[in-house]
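Quick note: the sequence shown uses the numbering used here, first residue 106, plus one each step.
As structure tokens, the structure follows; a few thoughts come after it.
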Amino acid sequence: MGLTIEEAAAYSGIGRNTIRQLVGWGKIPVLKIGRKMIVRADVIDHFMEINQGVDLLDQNQVRCAN
106 MGLTIEEAAA YSGIGRNTIR QLVGWGKIPV LKIGRKMIVR ADVIDHFMEI NQGVDLLDQN
166 QVRCAN
């Protein structure tokens, strides 16, 4: 299932700006359609699993969800 950034934020409990920052860092892969970004729900689940206990605002600690 594909989620917009806003939907991904609501789904995960992670703030919209933080999701956008993580996408910008290349930590969360997205599908871009023009200016719109779509994140797969299973990618969000995997990202949260591998980064449990990590400070998501510290780029060096966050693992990439590929």
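Beta carbons are placed, not taken as given, at the ideal position from N, Cα and C, and that holds for glycine.
For Ile110, the uninterrupted alpha helix (DSSP H) run begins and ends at Ile110 to Ser117, by DSSP. Note on geometry: alpha-carbon atoms of Asp163 and Gln126 lie some 11 Å from one another. A direct Cα-to-Cα measurement between Ile124 and Ala114 gives close to 7 Å. A direct Cα-to-Cα measurement between Ala170 and Gly139 gives close to 22 Å. Annotated three-state conformation of Met106 is coil, per DSSP.
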